[in-house]
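J.: Below is a structure I'd like to ask you about.
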Amino acid sequence: MSTVLELTAVSKTFKMHLQGGIRLPVVSGVAFGVEAGECAVLAGPSGAGKSSILKMIFGTYRCDAGSIVVRHGGDAVDVATAEPRQILELRRNSLGYVSQFLRAVPRVAAIDVVAEPLVIAGVARKQARQKAADLLSRLNIPERLWPLPPATFSGGEQQRVNIARGFVSDLPLLLLDEPTASLDAGNRAVVVDLVSEKKRCGAAVVAIVHDEDVRTAIADTVVDVTRFTATAPGVS
Amino acid sequence: MTQRDADRPLLVAEGLSKWYGKQIGCRDVSFALYPGEVIAVVGESGSGKSTLLQLLCSQIESSSGRVLYRMRDGVTRDLAALGEAERRFLLRTDWGYVHQDPTCGLRMTVSAGANVGERLMALGWRNYGHIRRTAGDWLGRVEIDDARIDDAPTTYSGGMRQRLQIARNLVTQPRLVFMDEPTGGLDVSVQARLLDLLRGLVAELSLAAVIVTHDLAVARLLSHRTMVMKNGAVVETGLTDQVLEDPREAYTQLLVSSVLPP
Numbered sequence: 000m001s002t003v004l005e006l007t008a009v010s011k012t013f014k015m016h017l018q019g020g021i022r023l024p025v026v027s028g029v030a031f032g033v034e035a036g037e038c039a040v041l042a043g044p045s046g047a048g049k050s051s052i053l054k055m056i057f058g059t060y061r062c063d064a065g066s067i068v069v070r071h072g073g074d075a076v077d078v079a080t081a082e083p084r085q086i087l088e089l090r091r092n093s094l095g096y097v098s099q100f101l102r103a104v105p106r107v108a109a110i111d112v113v114a115e116p117l118v119i120a121g122v123a124r125k126q127a128r129q130k131a132a133d134l135l136s137r138l139n140i141p142e143r144l145w146p147l148p149p150a151t152f153s154g155g156e157q158q159r160v161n162i163a164r165g166f167v168s169d170l171p172l173l174l175l176d177e178p179t180a181s182l183d184a185g186n187r188a189v190v191v192d193l194v195s196e197k198k199r200c201g202a203a204v205v206a207i208v209h210d211e212d213v214r215t216a217i218a219d220t221v222v223d224v225t226r227f228t229a230t231a232p233g234v235s
Numbered sequence: 000m001t002q003r004d005a006d007r008p009l010l011v012a013e014g015l016s017k018w019y020g021k022q023i024g025c026r027d028v029s030f031a032l033y034p035g036e037v038i039a040v041v042g043e044s045g046s047g048k049s050t051l052l053q054l055l056c057s058q059i060e061s062s063s064g065r066v067l068y069r070m071r072d073g074v075t076r077d078l079a080a081l082g083e084a085e086r087r088f089l090l091r092t093d094w095g096y097v098h099q100d101p102t103c104g105l106r107m108t109v110s111a112g113a114n115v116g117e118r119l120m121a122l123g124w125r126n127y128g129h130i131r132r133t134a135g136d137w138l139g140r141v142e143i144d145d146a147r148i149d150d151a152p153t154t155y156s157g158g159m160r161q162r163l164q165i166a167r168n169l170v171t172q173p174r175l176v177f178m179d180e181p182t183g184g185l186d187v188s189v190q191a192r193l194l195d196l197l198r199g200l201v202a203e204l205s206l207a208a209v210i211v212t213h214d215l216a217v218a219r220l221l222s223h224r225t226m227v228m229k230n231g232a233v234v235e236t237g238l239t240d241q242v243l244e245d246p247r248e249a250y251t252q253l254l255v256s257s258v259l260p261p
């Protein structure tokens with residue numbers, strides 16, 4: 000097996016300038032790796048730093064220390080020190096992220112919201128839309144909604160559009176932040192299937208899931224984030 | 000575009016500064032912009048972002064520093080060393096400039112079709128039928144009804160004028176577009192439509208762009224990277240999602256936290 004993601008001694012502290020420069024340590028000494036075809040679930044109570052770790056891997060949060068090495072084709076990129084351009088390139092070809100909420104773009108049809116990552120990666124629009132349509136069907140979004148912008152959809156529908164968007168590309172590393180939070184049992188099962196398929200295709204997955212059944216179904220390893228939770232705030 | 004092309008910067012600013020007498024306009028700004036990359040310059044009024052934009056497209060002369068641009072022939076030139084004719088040619092063809100006020104970027108007394116066609120004629124197009132067809136095609140792409148092609152922009156609404164200005168700029172297939180508050184002064188609903196249109200066009204045409212805006216939502220929607228300016232200097236720079244979700248500097252934290260949630 001080959002390592003797709005390796006975190007070493009990663010730490011993160013927020014410094015709040017508007018609150019008198021208070022420092023809020025989030026995590027420190029984060030270390031774990033994920034192999035191809037494997038799913039690591041981050042576990043720990045709310046506030047333990049799970050989402051922060053995912054956001055650091057994606058490059059949305061800066062990493063104060065340590066390294067976050069992601070395999071990128073034949074290369075490896077350390078997200079902690081990479082240039083913005085390298086991170087953008089990584090996101091196009093190697094690294095996907097399904098956030099908790101869909102960031103709706105006004106006026107763009109649901110099917111195009113889903114197809115967009117493929118189009119950006121250079122796939123022909125028709126082919127991208129076909130793949131988007133397959134996913135939307137599997138996630139039980141009725142076809143009459145596909146041409147509509149998702150801004151007016153229900154919470155669960157928006158989340159399913161978001162999941163479809165995250166799963167549409169075949170990226171070697173996928174980050175999932177509570178993908179099943181507002182889904183019914185039927186759709187949770189679809190997400191479990193989708194994750195299993197990704198793993199069979201050799202993708203590595205890092206997920207945050209609170210639902211016990213989903214966790215049992217997808218996790219190969221469970222990373223206890225409380226080991227890394229930083230607790231002592233201080234003022235600099 | 001070859002891989003090598005994409006890996007070479009299109010525009011490079013090196014230590015750009017501008018003084019207005021004793022007043023600083025823009026202080027020691029350096030960055031590189033690559034093909035297809037969109038960078039947002041954010042900050043409040045007086046932060047120097049418009050001065051920077053004008054320096055980049057050589058509308059004003061810098062006090063120190065320089066701007067390099069990779070021309071269509073692949074040769075990177077110092078813009079200050081270009082002749083006036085060469086610079087004008089760049090502005091008319093390889094660059095676009097979208098003004099906040101469309102009346103600055105349009106000729107208000109000639110027809111919409113002529114506004115778009117004029118840029119093609121600057122490229123040497125002479126066939127009237129061909130120019131008119133292409134202009135009509137571009138009006139369609141910015142969602143202006145073909146029936147309005149012979150009307151002057153004085154008869155257009157604010158949002159239509161801005162869309163027409165965009166068509167006029169993009170018809171020559173520029174590689175780089177400068178935008179100064181492109182959605183400023185428009186109603187919110189009109190803004191959303193314009194942003195969405197711009198977002199689609201920028202991606203479809205792999206345009207590189209420098210967008211000056213005080214609206215963080217515009218930066219979020221359109222740009223890959225963001226530079227935050229204050230008192231003429233860049234205080235923070237990074238991926239747009241990084242700057243907005245994990246702002247590091249006090250000023251950026253203030254900007255981000257000052258946005259009212261809808």
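Chains A and B supply the protein sequences, listed in that same order.
If you're matching positions, the first sequence starts at 0 in numbering that gives the first Met the number 0 and goes up one per residue.
If you're matching positions, the second sequence starts at 0 in numbering that gives the first Met the number 0 and goes up one per residue.
Just so you know, even glycine gets a beta-carbon here, dropped at the ideal spot from N, CA and C.
So, does the CB of residue 17 of chain A fall closer than 8 angstroms to a CB anywhere in chain B?
T.: yes
J.: Would you list the residues sitting across from residue 31 of chain A in a DSSP beta bridge?
T.: Paired residue(s): A/6.
J.: Going along the chain, which residues of the stretch 212–233 of chain B sit with their C-beta nearer than 9 angstroms to a C-beta in chain A?
T.: 219, 220, 223, 224
J.: Under a CB-based cut-off of 8 angstroms, is residue 207 of chain B close to chain A?
T.: Not one chain A Cβ lies under 8 angstroms of residue 207 of chain B.
J.: Anything in chain B within Cβ reach of residue 104 of chain A, meaning under 8 angstroms, just list it in chain order.
T.: 195, 198, 220
J.: Counting only C-beta atoms, is residue 87 of chain A closer than 8 angstroms to chain B at any point?
T.: yes
J.: Judging by CA-CA distance, which residue of B/232, B/258, B/253 is the nearest neighbour of residue 29 of chain B?
T.: Comparing Cα positions, the closest option is B/232.
J.: Which residues bound the beta strand (DSSP E) around residue 69 of chain B?
T.: Residues 63–69.
J.: Which runs of the alpha helix (DSSP H) fall wholly inside the stretch 142–168 of chain A and span at least 4 residues, in chain order?
T.: 154–166
J.: Note down, in chain order, every chain A residue with its Cβ under 8 angstroms from the Cβ of residue 249 of chain B.
T.: 16, 17
J.: Pull up the DSSP beta-bridge partners for residue 38 of chain A, would you.
T.: According to the DSSP secondary-structure assignment, residue 38 of chain A is paired through a beta bridge with A/204.
J.: Closer than 7 angstroms by C-beta to residue 94 of chain A: which residues in its own chain qualify, once you throw out the five before and the five after it? Chain order, please.
T.: 57, 69, 170, 172
J.: I'd like the list of long-range same chain contacts for residue 117 of chain A, defined as Cβ closer than 8 angstroms, with 5 residues on each side in sequence excluded.
T.: 126, 127, 130, 131, 167, 168
J.: Using only CA atoms, which one of B/237, B/64, B/122 lies nearest to residue 79 of chain A?
T.: B/237
J.: Name the DSSP bridge partner or partners of residue 25 of chain B?
T.: B/17
J.: Please report whether the beta-carbon of residue 215 of chain A lies at a distance below 8 angstroms from any beta-carbon of chain B.
T.: no
J.: Buried or exposed for residue 217 of chain A, please, with buried defined as at least 16 other CB atoms from any protein chain shown within 10 angstroms of its CB.
T.: buried
J.: What ranges does the beta strand (DSSP E) occupy inside the stretch 59–142 of chain B, keeping only unbroken runs of at least 3 residues that lie completely in it?
T.: Segments of the beta strand (DSSP E) lying fully in the stretch 59–142 of chain B: 63–69, 75–77, 94–97.
J.: Is it the case that the Cβ atoms of residue 54 of chain B and residue 33 of chain B are separated by a distance below 8 angstroms?
T.: No; because the gap between Cβ atoms is not below 8 angstroms, this pair is not in contact.
J.: Using a beta-carbon distance below 8 angstroms, is residue 238 of chain B in contact with chain A?
T.: yes
J.: So residue 195 of chain B is in the alpha helix (DSSP H); what residue range does that whole segment cover?
T.: 187–203
J.: Classify residue 79 of chain B as buried or exposed, calling it buried when 16 or more other Cβ atoms lie within 10 Å of its own Cβ.
T.: exposed
J.: For residue 222 of chain B, does the three-state DSSP call read helix, strand or coil?
T.: coil
J.: Using Cβ-Cβ distances below 8 angstroms, what residues of the stretch 104–121 of chain A are close to chain B?
T.: 104, 105, 106, 107, 118, 119
J.: State yes or no: is the beta carbon of residue 59 of chain A nearer than 8 angstroms to at least one beta carbon in chain B?
T.: yes
J.: For residue 13 of chain B, which of B/249, B/51, B/221, B/227 has the nearest alpha-carbon?
T.: Of the listed residues, the one whose Cα sits closest to residue 13 of chain B is B/51.
J.: When you compare the CB of residue 149 of chain A with every CB in chain B, is at least one pair closer than 8 angstroms?
T.: no
J.: Got a sec? Which residues, its chain only, sit under 7 angstroms from residue 149 of chain B by beta carbon, not counting five neighbours each side?
T.: Apart from sequence neighbours up to five positions away, the residues of its chain that approach residue 149 of chain B with a beta-carbon distance below 7 angstroms are 110, 112, ordered along the chain.
J.: Roughly how many whole angstroms lie between the Cα atoms of residue 41 of chain B and residue 76 of chain A?
T.: Approximately 29 angstroms, taken between the alpha carbons.
J.: Can you give the beta carbon distance from residue 171 of chain B to residue 92 of chain B, rounded, assuming they're within the 8 angstroms contact cut?
T.: 5 angstroms
J.: Quick one: list the residues of chain B neighbouring residue 84 of chain A, beta-carbon separation under 8 angstroms, in chain order.
T.: The contacting residues are 33, 36.
J.: Cα separation between residue 120 of chain A and residue 43 of chain B?
T.: 34 angstroms
J.: Grab me the residues of residue 235 of chain A's own chain with a C-beta within less than 6 angstroms of its C-beta, minus the 5 sequence neighbours each way, in chain order.
T.: Residue confidence for residue 235 of chain A is low, a pLDDT of 40 falling below 50, so the modelled location carries little weight; the figure read from the coordinates is stated next. Correct list, in chain order: 20, 22.
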